[in-house]
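**Student:**
There are 2 protein chains.
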Amino acid sequence: MHKQTITTSTNQYDVVVGDDLLSTLYTYLPKAYQHILVVTDSVVNELYTEKVLTHLPDSAKVSVHVVPAGEASKSMEQYSELLTEAIVQQLDRKSLIIALGGGMIGDLAGFVASTYMRGIDYIQVPTTILAHDSSVGGKVAINHPEGKNLIGSFYPPQAVIYDVSTLQSLPDKEIRSGYAEVVKHGFISNRAYLDDVLKTDLTTQIDPIVTTEHLQKGIAVKASVVERDEKESNIRKYLNFGHTLGHAIESELGYGQITHGEAVAIGMLFAIRVSEYKFKISLPYDAFYRWLSANNYPLQLPAIPLEKLVERMKIDKKSENSTVQLVLLKEIGEPTSENISDEELTDLLEKFMGELGSE
Amino acid sequence: MHKQTITTSTNQYDVVVGDDLLSTLYTYLPKAYQHILVVTDSVVNELYTEKVLTHLPDSAKVSVHVVPAGEASKSMEQYSELLTEAIVQQLDRKSLIIALGGGMIGDLAGFVASTYMRGIDYIQVPTTILAHDSSVGGKVAINHPEGKNLIGSFYPPQAVIYDVSTLQSLPDKEIRSGYAEVVKHGFISNRAYLDDVLKTDLTTQIDPIVTTEHLQKGIAVKASVVERDEKESNIRKYLNFGHTLGHAIESELGYGQITHGEAVAIGMLFAIRVSEYKFKISLPYDAFYRWLSANNYPLQLPAIPLEKLVERMKIDKKSENSTVQLVLLKEIGEPTSENISDEELTDLLEKFMGELGSE
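As you go down the protein sequences, you meet chains A and B in turn.
Residues in the first sequence are numbered from 1 upward in steps of one, following the working numbering.
Residues in the second sequence are numbered from 360 upward in steps of one, following the working numbering.
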């Protein structure tokens, strides 16, 4: 079990990562709560809600609200329904919401917590690898038909309690998706951590000790960045390494065709190539490519017209003044942000797509 | 023109009060904005939107969104529509929302600003006296069918620009409603200010100089309280002087039957009587009653069963552990909070209602 404390402008909270924490979850809360609402999705509910409920103290009044699994539940409708549920269950300002699930649940339940009676406490209990990223940093949100995460707040949890035993139930593509963000945290922080992660074989059973260490280090990288920059104005953008092209691929293929992390993995390959070209350096493109390939990441995409990808990259919410900003590496652990003209971007992308090959 | 600066945990903003500020509104903004969305209601829109638009710089892209006048627009539906409007108008993280109107508009547009792309800038441009209270303190919210302001955030504006010339268009009952909160700020702060306010004749044309002074002082009282306590845990509760019974009367009669401030005025009379009884002191109940009467405040209510009022006071969101907390005065300018048992409350309320008389 590993514990780290994260400091935000409004609070401090612990992130606890370890094996079999669901059964002792309550001991990691910063205080006692009389009234708790567990928010989870239909898949996680079958697997873990009972275990959580069994180990909450008898003195607390606990209710459970289950939303359909899948990104579609990060909607205005589910948000509104959940607020009504909180009112029906008579949650007050001293109540707690437990977000039990992946990033979707954390974002949705966190946004409800941030706006119910102008903000009540919530904790994140992630059940995916990808959520090691989203559960830290205080970003909570729902989607709008026009774009992801357009509606939301900055609102840190009271604790993140990460039971890695829940990760055993993840499908392979979710493991790949989550590990891509772990790799990203390696690329933007330090070589030893990156090398260690790239030794992991994702095709075999998850090792709780190794996974705990990888996640804890990834969380430390993210936490260090968001502590220094809560509002995504300066260094927080480095967390978008691989994401500008990644998001464009995700949107162009339609969500569900490729996971977030799988798309980001391809985005990182591109960002590495651009970094090598821009800074005349050599980065471990080949080693990273081999690891992705060995772990069954999809590396050949259906043919997507280049101009569509460029257009998507330009409307990405991280872009400014309609010029694409790309996060690059001066070396491993040294991210930087560069404006790239449309013309140069198209050239670089064409070359990269040719190298990658298509289906 | 009077300017004061308010410091919150996340920012600093100016509150400017004066005559004919709409025409110079832009000069009070903390920075330039490329893209502005004006949110207003159907009544205020007819009166003041054009003036605001005329004086915004040509370089800014400006759009206007009008919601129906009335508290019913503080709804999930209008909130959702406004977010969609912000997206359709392509507002980005550096855009500005101008909340032009009374408390409803400030609360609704402020909540949209607080959650659009995780928070963009907004300013309050109040057009009611009551909004001198709601525009300061950073509380933004919408209503739920089950209760007022149940969904919202703490999210301070970038500026409050208060043009008292807009108050000339207010109906009498809105002037009474707003001035009740001005009086409240007098009662909880100091006698000279209170005495001054109680000299005002609300039945004649508003004097911009006098009104500016009254509002500016009321805002200073509110600002001083919220600066010391942003989260309504300790001293912020003093702002609820007169509100516990006031809210109960408002809900019991149905919103629209009596204005917020008119109900709070009766609540203050009650709180004064309870204070006199509890602390064996004498407070200017009679002088306040005469002022209310001379200015046509409704002082006789339709008969409401006492137990219904007590029940409402108990579910008021400011109550804790189901015991009613009442804000009382040890003397003028010295508020305090006391728990009152149901039995005592019923006795005191019965006596007070008898003294007040019913319609």
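Ideal placement from N, C-alpha and C gives every residue a C-beta, glycine not left out.
Please read these numbers as outputs of a predicted model, since none were measured by experiment.
Relative to the C-alpha of K278(A), which residue among E307(A), R312(A), S341(A) and V221(A) is closest?
**Tutor:** S341(A)
**Student:** Applying the criterion that 16 or more other CB atoms from any shown protein chain within 10 Å of the CB defines a buried residue, is D480(B) buried or exposed?
**Tutor:** buried
**Student:** Quick test of the definition: if touching needs 3 or more C-beta pairs under 8 angstroms, does the stretch 611–622 of chain B touch the stretch 577–585 of chain B?
**Tutor:** no
**Student:** What is the DSSP secondary structure of S528(B), counted as helix, strand or coil?
**Tutor:** helix
**Student:** Just how far apart, CA to CA, sit I457(B) and Q483(B)?
**Tutor:** 6 angstroms
**Student:** Where does R632(B) land, buried or exposed, given buried means 16+ other C-beta within 10 angstroms?
**Tutor:** R632(B) should be labelled buried.
**Student:** Is there a Cβ of chain B sitting closer than 7 angstroms to that of R118(A), yes or no?
**Tutor:** yes
**Student:** Could you round the C-beta distance between D373(B) and K362(B) to whole angstroms and report it? I think they count as a contact, below 8 angstroms.
**Tutor:** Contact flag correct, Cβ pair sits at about 6 angstroms.
**Student:** Can the beta-carbon of K217(A) be found less than 7 angstroms from the beta-carbon of Y238(A)?
**Tutor:** no
**Student:** Which whole-angstrom value is the C-beta distance of I151(A) and L442(B), which I expect to be below 8 angstroms?
**Tutor:** 6 angstroms
**Student:** By DSSP, does E146(A) sit in helix, in strand, or in coil?
**Tutor:** coil
**Student:** At a cut of 8 angstroms, does the stretch 498–508 of chain B reach the stretch 517–530 of chain B through at least three beta carbon pairs?
**Tutor:** no
**Student:** Could you check whether the stretch 466–480 of chain B touches the stretch 403–419 of chain B, counting it as contact only if at least three pairs of C-beta atoms, one from each stretch, sit closer than 8 angstroms?
**Tutor:** no
**Student:** For T561(B) and V140(A), I'd like the C-alpha separation in whole angstroms.
**Tutor:** Here the sequence assigns Leu to residue 561(B), which means Thr is not the residue at that position. In a straight line, the C-alpha of L561(B) is about 47 angstroms away from that of V140(A).
**Student:** For P74(A) and I142(A), what's the separation of their Cα atoms in angstroms?
**Tutor:** The amino acid occupying residue 74(A) in the given sequence is Lys; Pro does not appear at that position. One C-alpha to the other measures close to 5 angstroms.
**Student:** Going straight from the alpha carbon of T559(B) to that of A646(B), what length do you get?
**Tutor:** Straight through space, the alpha carbons of A646(B) and T559(B) are spaced by roughly 13 angstroms.
**Student:** Have a look at Q168(A), E81(A) and D172(A) and flag the residue whose alpha-carbon is nearest the alpha-carbon of N295(A).
**Tutor:** D172(A)
**Student:** Once DSSP output is grouped into helix, strand and coil, what is the label at I97(A)?
**Tutor:** Here I97(A) sits in strand by DSSP.
**Student:** Under the three-state reduction of DSSP, which class applies to F629(B): helix, strand or coil?
**Tutor:** helix
**Student:** Cα-Cα, which of L100(A), T212(A) and A248(A) is closest to K308(A)?
**Tutor:** It is A248(A).
**Student:** Please look up how many angstroms separate the CB atoms of G692(B) and S548(B), rounded, as I've assumed it's under 8 angstroms.
**Tutor:** 5 angstroms
**Student:** Are there 16 or more other CB atoms within 10 angstroms of the CB of K280(A), so buried, or fewer, so exposed?
**Tutor:** exposed
**Student:** I'd like to know if M435(B) contacts chain A, where contact means its C-beta is closer than 7 angstroms to some C-beta of that chain.
**Tutor:** yes
**Student:** Is F546(B) close to chain A? Criterion is C-beta to C-beta, closer than 7 angstroms.
**Tutor:** no
**Student:** Excluding sequence positions up to five away, which residues of its chain have a Cβ less than 7 angstroms from the Cβ of S536(B)?
**Tutor:** L489, T618, H619, G620 and E621
**Student:** Run the CB neighbour count on E174(A), radius 10 Å, all protein chains shown included, and call it buried at 16 or more, exposed below.
**Tutor:** E174(A) is buried by the Cβ-count criterion.
**Student:** Starting from G18(A), trace the beta strand (DSSP E) both ways and give me its first and last residue.
**Tutor:** Q12 to G18
**Student:** Counting only beta-carbon separations shorter than 7 angstroms, does I594(B) have a partner in chain A?
**Tutor:** no
**Student:** Within the 7 angstroms Cβ cut-off, does T259(A) reach chain B?
**Tutor:** no
**Student:** Return the bridge partner residues of L329(A) from the DSSP annotation.
**Tutor:** P335(A)
**Student:** If you drop the 5 nearest sequence neighbours on each side, which residues of the same chain put their C-beta closer than 8 angstroms to that of Q12(A)?
**Tutor:** T5 and I6
**Student:** Run through the DSSP bridge pairs and tell me what F154(A) is partnered with.
**Tutor:** K139(A)
**Student:** For V569(B) versus V556(B), is the C-beta spacing smaller than 7 angstroms?
**Tutor:** no
**Student:** Whole alpha helix (DSSP H) runs in the stretch 52–93 of chain A with 4 or more residues, listed along the chain?
**Tutor:** 76–88
**Student:** Under DSSP, the beta strand (DSSP E) around L253(A) begins and ends at which residues?
**Tutor:** Taken as a continuous stretch (DSSP letters only), L253(A) belongs to no beta strand (DSSP E), being part of the alpha helix (DSSP H) at H243 to L253.
**Student:** Is it buried or exposed, Q78(A), if we count other Cβ atoms within 10 angstroms and call 16 or more buried?
**Tutor:** So Q78(A) counts as buried.
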